[in-house]
Amino acid sequence: MTTQKFTLNNILQDRVLSLSLTIVFLMLVLTLLYPTQFATWDNFSQVLLNLSIDTIVAVGMMILMIGGMFDLSVGSVVAFSGGLAGYLMYHQDLPVALAVLAGLSGATLVGLVNGWLIARIGINPMIQTLAMMGIVRGFALMLSGAGLQNFPWEFIVIGQSKLLQLQTPVWYMLFIVLGINFLVQRTTFFRRYYFIGGNERAARLSGIQVERMKIWAFVISALLAGIAGILLSSRLGAALSTSGRGLELRVITAVILGGASLAGGQGRILGAFLGALFMAIINNALIIGRVSGYWQEVILGVILILAVAMDQLLLRRVSRK
Amino acid sequence: MLIQNISRTLLFLLILVCGSCELPPRNQEGTGKAINTQEAFRTATTPSADEEYIMVTTAINLPLYVNHDQAAFKAWGEKKGVKTTILGPAEWDVPTQIATLEQVIPSRPAGLLINGTDPGIAQAIRKAVAAGIPTVVYDSEIPNSNRHCFIGSDWYEMGYLQGKRMAQLLKGKGKVAVMGILGMENMEAGFRGFLDAIKPFPSIEYLGKYDDKANVETAARIAADLISAHPDLAGMAGFDSNSGPGMALAVKEANRIGRIKLTTVDAEPEHLKLVQAGVIDYLVGQKRELFTALGAQFLYDMRHGTLQLSANDAKAGVVPIPRTVITGSIEIDKTNFAQFIQ
Chain A
396 MTTQKFTLNN
406 ILQDRVLSLS
416 LTIVFLMLVL
426 TLLYPTQFAT
436 WDNFSQVLLN
446 LSIDTIVAVG
456 MMILMIGGMF
466 DLSVGSVVAF
476 SGGLAGYLMY
486 HQDLPVALAV
496 LAGLSGATLV
506 GLVNGWLIAR
516 IGINPMIQTL
526 AMMGIVRGFA
536 LMLSGAGLQN
546 FPWEFIVIGQ
556 SKLLQLQTPV
566 WYMLFIVLGI
576 NFLVQRTTFF
586 RRYYFIGGNE
596 RAARLSGIQV
606 ERMKIWAFVI
616 SALLAGIAGI
626 LLSSRLGAAL
636 STSGRGLELR
646 VITAVILGGA
656 SLAGGQGRIL
666 GAFLGALFMA
676 IINNALIIGR
686 VSGYWQEVIL
696 GVILILAVAM
706 DQLLLRRVSR
716 K
Chain B
1040 MLIQNISRTL
1050 LFLLILVCGS
1060 CELPPRNQEG
1070 TGKAINTQEA
1080 FRTATTPSAD
1090 EEYIMVTTAI
1100 NLPLYVNHDQ
1110 AAFKAWGEKK
1120 GVKTTILGPA
1130 EWDVPTQIAT
1140 LEQVIPSRPA
1150 GLLINGTDPG
1160 IAQAIRKAVA
1170 AGIPTVVYDS
1180 EIPNSNRHCF
1190 IGSDWYEMGY
1200 LQGKRMAQLL
1210 KGKGKVAVMG
1220 ILGMENMEAG
1230 FRGFLDAIKP
1240 FPSIEYLGKY
1250 DDKANVETAA
1260 RIAADLISAH
1270 PDLAGMAGFD
1280 SNSGPGMALA
1290 VKEANRIGRI
1300 KLTTVDAEPE
1310 HLKLVQAGVI
1320 DYLVGQKREL
1330 FTALGAQFLY
1340 DMRHGTLQLS
1350 ANDAKAGVVP
1360 IPRTVITGSI
1370 EIDKTNFAQF
1380 IQ
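Just so you know, the protein sequences line up as chains A and B, in that order. Okay, so the first sequence: first residue is 396 according to our numbering, each after it adds one. Okay, so the second sequence: first residue is 1040 according to our numbering, each after it adds one.
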């Protein structure tokens, strides 16, 4: 029985396993190609740091996509939460803890509005979150202006401290990934998203309060984007109105690579992390290999198409059986 | 027994974690301070062909960057016989520029030429300087970055020049608006310069600043909306490379050429053609080739000690290149545009 679990078919169909193996293979190849540049602790910690913000947002996006939804406003929320906290510290002299709390509350409010309008009023998620993306970016611009700097040290500590040679956003990312992965695997609350994403009507008939669950998904996703925004501002020592531009597409790519389906009902939190890690390693390899930015866009686009195509091929293979 | 073992393990981990915790320094400022570490930057006595100078920018396909910054940087590298590399995201994406910069640092290039896109990149620049890499910031100054040199334009002055010329063109009266990328430090400085220049003219009514997102279509739409909302609009000023062509398109479509005065930054062929056609009245260009060619030369000089100011500048903590270079602006109008058309 055990040997059956490790057949090529099973490996290919388990995205977390196949992506893990791909990442290991990729890392081995890059270590051979760039032994002094890729396989160093400096580089490894830098890759983890750079993927930390995207991964935290990707975890929220994975919950949404398991439930058959997505949120295009997460990038703007990243800029907004950092901007709001920064504005309150810089212009209103608010204590760091309160400013951070306000930033997170602002982000949560955005998620609540998105969720409520989508679940209760029935606005299409793409239209609603696209509109919200513009609205929230506008607020971020108003708050951050030309960029806010010179934050209190107590705020800088959040994102610039190091623990065991790794900068704190990496630890927050690991804590969030492992914590939410545990919750999604072990709690009824989060398991319901698989039912909702798989068959919303059946989920409703089985007594799940679909609307309420959808609102919660948007709130959780926005809260995670808010945390990412605070971490990014603290890490950079600045609140930038341009933060998070294009983040939503990077995150959706990572989540799809990690095994989520646009149709919903599929995906694992570890997959979101691995998807982001895979993209970060590819990005890192392109930088180490001195590949021009033009090609980086092309290569990342091709990877997304390959991932989706592989998904479709596997689905066909499974349905034939 | 088990509980005791777990407690001991947890205590050991807690001590390990606390002992490994490294907090950021309380004072992160440093621009202009003398460097006093023993090996402040890496030097080499003889130039080599694999010596690599890296430009880290954002929006690397922006024609303004490609035609001026990147072309001058590449030409400099070919002339010097050293390797030049250009890295950064295709879109205007500062966090990705920061990530690129941070991933380049471990490879210890001979020098880094960094486009000063946003104050948020200061921390990454400090990392490069701390790693001993000669580092020049160009275009816009990055406060508290510890960079070895800044070379670029004074955006306040560019805004001031536009405001002064606009006041002349309007003979001191009329409605004006400005557009560019809102939230960018350099453009906000430009807006301030523009406002200060028109302040002595109370009959000039300032309608506000608008975000054209460095996009021609958006600039054209905003300009068209302004023309509709204010039929007596007298002038518009642009602060990014695409503001001018966008404003010009709207003015042409509204058939208001010459009646609405336009000033903008940059002197690309499309801007010059619009001056030739009489649609744009005034351009303020940057000396961008100087940013990167001179900036790269500074990096080279620093690495190879072209001009030594002490027995060992790196060890003495002396930066043997200028700390700040303002290149000035190029003013173009119908009287001299022909000199710039190639």
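We put the CB at the ideal spot given by N, CA and C, even for glycine.
{"query": "Which residues DSSP lists as bridging A/Y485, in chain order", "result": "None; A/Y485 has no bridge partner."}
{"query": "Integer Cβ distance of A/F465 from A/I676, believed to fall under 8 angstroms", "result": "Going by Cβ atoms, the distance from A/F465 to A/I676 rounds to 24 angstroms, so no, they are not a contact pair."}
{"query": "Assigned secondary structure, A/G533 (DSSP; H/G/I helix, E/B strand, else coil)", "result": "helix"}
{"query": "Element boundaries [alpha helix (DSSP H), containing B/N1225]", "result": "1224-1237"}
{"query": "When A/F613, A/A494, A/L559, A/T582 are compared against A/M457, the one with the closest alpha-carbon", "result": "A/F613"}
{"query": "Where the beta strand (DSSP E) through B/D1250 begins and ends", "result": "1243-1250"}
{"query": "A/M568 burial status per 10 Å Cβ neighbour count (16 or more: buried)", "result": "buried"}
{"query": "Beta carbon proximity, A/I683 to chain B, threshold 9 angstroms", "result": "yes"}
{"query": "Members of the region 1099-1131 of chain B near chain A, C-beta cut-off 8 angstroms", "result": "I1099, N1100, T1124, I1125, L1126, G1127, P1128, A1129, E1130, W1131"}
{"query": "C-beta contact flag for B/G1277 and B/L1208 at 9 angstroms", "result": "no"}
{"query": "Within 9 angstroms, strictly: CB atoms of B/G1127 and B/N1154", "result": "yes"}
{"query": "Chain-ordered residues of the region 1142-1167 of chain B with a beta carbon less than 7 angstroms from chain A", "result": "Q1142, V1143, P1145, S1146, D1157, P1158, G1159, A1161, Q1162"}
{"query": "Reduced DSSP secondary structure (H/G/I, E/B, other) of A/M464", "result": "coil"}
{"query": "Burial state of B/E1307, where buried means 16 or more other Cβ atoms lie within 10 Å", "result": "buried"}
{"query": "Endpoints, the beta strand (DSSP E) within which A/N678 is located", "result": "Segment 664-683 is the alpha helix (DSSP H) holding A/N678; no beta strand (DSSP E) there."}
{"query": "Residue range of the alpha helix (DSSP H) that includes A/S616", "result": "605-631"}
{"query": "Contact set between A/T435 and chain B, taken where Cβ atoms lie within less than 8 angstroms", "result": "P1145"}
{"query": "Inter-residue Cα distance where the pair is B/T1097 and B/K1326", "result": "19 angstroms"}
{"query": "Whole-angstrom C-beta distance between B/P1134 and A/A633, which should lie under 8 angstroms", "result": "About 11 angstroms separates the two Cβ atoms, so there is no contact after all."}
{"query": "8 angstroms Cβ cut-off: residues of chain A touching B/L1272", "result": "Within 8 angstroms Cβ-Cβ: nothing; B/L1272 doesn't reach chain A, min ~24 angstroms."}
{"query": "Pick from B/S1368, B/W1131, B/Q1315, B/A1268 that is closest to B/G1222, judged by C-alpha positions", "result": "B/W1131"}
{"query": "Chain A contact for B/G1219 (CB, 9 angstroms cutoff)", "result": "no"}
{"query": "Span of the alpha helix (DSSP H) around A/F584", "result": "583-593"}
{"query": "Nearest to B/F1379 (by Cα), restricted to the options B/V1364, B/I1360, B/G1324", "result": "B/G1324"}
{"query": "Within 9 angstroms, strictly: CB atoms of B/I1266 and B/V1304", "result": "no"}
{"query": "Positions along the region 633-644 of chain A whose CB lies within less than 9 angstroms of some CB in chain B", "result": "A633, A634, L635, S636, T637, S638, G639, R640, G641, L642"}
{"query": "Any C-beta of chain A under 9 angstroms from that of B/G1222", "result": "yes"}
{"query": "Boundaries (first-last residue) of the beta strand (DSSP E) holding B/V1364", "result": "1363-1365"}
{"query": "Cβ neighbour criterion (16 or more within 10 Å) applied to A/N576", "result": "buried"}
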